[in-house]
Ligand code: 13P
């Protein structure tokens, strides 16, 4: 059985001091994560503070929200995989729709980023998802499987096992209109079938597929009850420690 994973994507929120306070509060509210793995993704500028604020028992792992595919060089404003490893990151979110739509991250660039992360032992959390117009045109499956295949081109079976996929329909992000567990489950099935076709059923079975898009303490239980959904990528609701702690505790309690 795949271990459940809850990821908090802080996006462009929290100063270093605010990150320290949030990690301290979360560590009090969620002293043990048990069956559920929890990952925090602060902005670059708060990663160090978040790492320092974690208790020795380290109930949470850290993720970055992006990286550049080169290790170093003349790339003003960019941050590389070795730099993130050095800060204590274990994961990196790649291909988030906000980066795809506002910062020119296309499948080709994302693929280079996935390879860079893997080269340095960072585990990618690869986001895929369709727009509202894709969904209305019944192009959801074509869009997400296309993103998946292009972003994972050249990945070995062993590398695939370390990967997490996050299905985030663009129309559900920050809108308060989450997909239903059935809608998400159907896309998750398609994604897993694509993984199985490309890398074999056994490797495909090991990849966790998360749902993201308006996940809240109120709806997370329904997602967790689905055996097609291995966890959640949470935006807005992870900025409030009480909400995020409730989401984690429901992910621990709800049986599939
Ligand atoms: P919201 O939970 O705010 O909809 O954001 C989802 C998301 O984009 C997580 O990466």
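Residue numbers (this note's numbering): 213 to 468.
Just so it is clear, CB atoms sit at the ideal spot from N, CA and C, and this is done for glycine as well.
Report buried or exposed for residue i, applying the criterion of at least 16 other Cβ atoms within 10 angstroms of its Cβ.
i	result
residue 216	buried
residue 417	exposed
residue 284	exposed
residue 368	exposed
residue 465	exposed
residue 436	buried
residue 312	buried
Using a threshold of 7 Å, is the CB atom of residue i nearer than that to any non-hydrogen atom of ligand 1?
i	result
residue 343	no
residue 426	yes
residue 313	no
residue 218	no
residue 285	no
residue 443	no
residue 486	For the chain, the structure presents residues 213 to 468; residue 486 sits outside this window and is missing.
residue 380	yes
residue 307	no
residue 278	no
residue 421	no
residue 431	no
residue 248	no
residue 399	no
residue 446	yes
residue 233	no
In whole angstroms, what separates the C-alpha of residue i from that of residue j?
i	j	result
residue 270	residue 251	11 Å
residue 444	residue 357	19 Å
residue 316	residue 411	28 Å
residue 402	residue 278	26 Å
residue 352	residue 396	11 Å
residue 280	residue 380	22 Å
residue 460	residue 359	29 Å
residue 442	residue 391	15 Å
residue 320	residue 423	23 Å
residue 425	residue 432	11 Å
residue 238	residue 457	7 Å
residue 372	residue 338	11 Å
residue 310	residue 467	32 Å
residue 409	residue 415	10 Å
With DSSP run on the structure shown, which of helix, strand or coil describes residue i?
i	result
residue 272	strand
residue 376	strand
residue 358	helix
residue 461	helix
residue 331	helix
residue 236	helix
residue 285	coil
residue 301	coil
residue 292	strand
residue 466	coil
residue 349	coil
DSSP beta-bridge partners for residue i?
i	result
residue 444	218 and 423
residue 259	Answer by DSSP bridge pairing: none, since residue 259 is not bridged.
residue 336	304
residue 250	218 and 272
residue 280	292
Consider the Cβ of residue i: report whether some Cβ of chain D lies at a distance smaller than 8 Å.
i	result
residue 263	Looking for chain D here will not work: only one protein chain is present.
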